[in-house]
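Numbering (the working numbering), first residue to last: 22 to 537.
Ideal Cβ placement from N, Cα and C applies to all residues, glycine included.
Structure below.
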């Protein structure tokens, strides 16, 4: 005779062995998730209400503790957080001000790139009031997780018309103050070999104010000018960001350049510049970037100016010039009637210009005119599309020898592919672009022989840029904005081609970061 207990146990086992309906389980799980989300939302709303109700409440920050920063110097962290202690303030904080200050300093820690995101912040009210003011006391706890100090990686790079394989060693937080040591070695299609080392450190614990020292040894094949260039040297520079978000760089370059490995058919111009030269220069760059995306902008603008002064006064070296370059880009979205939100269609324009002004005199007291490895080059799939790499401007035989003054511009219409959607980083583009690159020549088309003629030649060359049509090309293509680089596959057709320049009719692949 079976007992009621045994029958009950048998029913339990039968129910456990019986598989529940997956749909029922999914509905139960969804119900639990909805309930948890509602509780979380209610807690967030309540927390927001409490902060709003007490936002003007005076308070004091008595202490700040940074947790788990085992490899980071105490002095480095104190410079960030000590200024917000109430003992260093002229008046008490309100609660909203204290929260804002803590958030700003946590964001500053994030920008050093030595901690994993997010940096967590906790406020704990002390049971004892501040001794001096009698205000409520808060202790701030900042919890961080340090990133790996050593990062070793290998891979391939796709840059402006170049591919390379590289190995990179990054040592973070070298001395506990967010210093970085970066060692890089690469082999590529154009840059045959490059070995580079750089060390940078923040100044006064400020992630937006850094100092960098670096050095490089490289060999680059200049196929468009029948030679190789060896480069050895180094630099030191300051990088900072203004309160408006503009970026600046100021520093010194010292390079020993060698034009070697001349091809059998190298032109007389390249042969005349072959050999060694030393460039010693100061430089400054300013960048204002207000684009919504640097690789596929649909809205905003970009401005950049670079100036370099070489061989002047105490700088020495055997080249002497002032080199200036400006670049602008603008993008506007185009709304389509009947389509709500972003249509994915945009119109972008770009413009670049530069000049190289000789400053020094040679041994015969004549103007020291520019060398091939200092002049501007123009043309290519990431530059003026529809022309071969360095295909615009002065040529000597098959060699592109560069110019001293140039201007180039483009206009692009981008729109999403059918059935792909505006949210995908893939676009069709139609473009027209053009440019002109010129050597320094007097009004009589001769090379200047004294300083007075140099000034005359510069004004004459600049005015000549606008005379007549520039070299122009148009085309259509596909654009894909990968997080690492922008890819373009275009069909181009040169429309205006000057004598000696090299156009490119047909398909052209461009891979890079900066496109005209």
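- At a Cβ-Cβ threshold of 8 Å, residue 249 and residue 281 count as neighbours.
- Secondary structure in the stretch 148-175: the beta strand (DSSP E) runs of 3 residues or longer, each lying completely within the stretch, are 158-164 in chain order.
- DSSP places residue 472 in the uninterrupted alpha helix (DSSP H) bounded by 472-486.
- Residue 50 and residue 86 have their C-alpha atoms spaced approximately 39 Å apart.
- Per the coordinates, the alpha-carbon of residue 200 lies some 6 Å from the alpha-carbon of residue 221.
- Annotated three-state conformation of residue 259 is strand, per DSSP.
- For residue 91, there is no enclosing beta strand (DSSP E), as DSSP marks it with neither H nor E.
- About 13 Å separates the CB atoms of residue 390 and residue 344; that is not less than 8 Å, and the two are not in contact.
- For residue 513, the enclosing beta strand (DSSP E) starts and ends at 507-517.
- In this structure, the beta-carbon distance from residue 214 to residue 240 falls below 8 Å.
- Between the alpha carbons of residue 347 and residue 514 lies a distance of about 27 Å.
- The C-alpha of residue 82 lies about 15 Å from the C-alpha of residue 101.
- Rounded to the nearest angstrom, the gap between the Cα atoms of residue 223 and residue 397 is 33 Å.
- Nearest to residue 483 by C-alpha distance, out of 427, 451, 129, is 427.
- Taking the CA atoms as reference points, residue 47 sits about 14 Å from residue 56.
- The continuous alpha helix (DSSP H) containing residue 290 extends over residues 289-294.
- Cβ contact annotation for residue 313 (same chain, cutoff 7 Å, sequence separation greater than five): 319, 320, 321, in chain order.
- Separation of the CB atoms of residue 295 and residue 283 is rounded to 6 Å, and the pair is thereby assigned contact status at 8 Å.
- At the C-beta level, residue 144 and residue 161 come within 8 Å of one another.
- DSSP places residue 96 in the uninterrupted alpha helix (DSSP H) bounded by 95-102.
- Collapsing the DSSP output to three states places residue 200 in coil.
- For residue 344, there is no enclosing alpha helix (DSSP H); the residue is found in the beta strand (DSSP E) stretching over 342-354.
- Taking a cut-off of 8 Å for Cβ pairs, the stretch 421-440 and the stretch 367-374 touch, as three or more such pairs fall below it.
- The three-state reading of DSSP puts residue 493 in strand, counting E and B together.
- Shown here, residue 58 sits in a helix according to DSSP, grouped into three states.
- Only residues of its own chain outside the window of five on either side were considered, and among them 364 have a CB closer than 6 Å to the CB of residue 357, listed in chain order.
- Under DSSP, the beta-bridge partners assigned to residue 192 are 171, 202.
- For residue 447, the pairing in a beta bridge is given by DSSP as 501.
- Membership of residue 116 in the alpha helix (DSSP H) is indicated by the continuous run 116-131.
- Residue 394 sits in coil when the DSSP states are folded into three classes, being neither helix nor strand.
- In the structure shown, residue 108 adopts helical secondary structure according to DSSP, grouped into three states.
- DSSP links residue 215 through a beta bridge to 207, 239.
- Around the beta-carbon of residue 135, 16 or more other beta-carbon atoms lie within 10 Å, marking it buried.
- Exclusion of the five residues before and after residue 142 leaves 123, 127, 163 as the residues of its chain whose Cβ lies within less than 6 Å of its Cβ.
- Secondary structure at residue 523: coil, using DSSP grouped into helix, strand and coil.
- Around the Cβ of residue 416, a 10 Å sphere holds 16 or more other Cβ atoms; the residue is buried.
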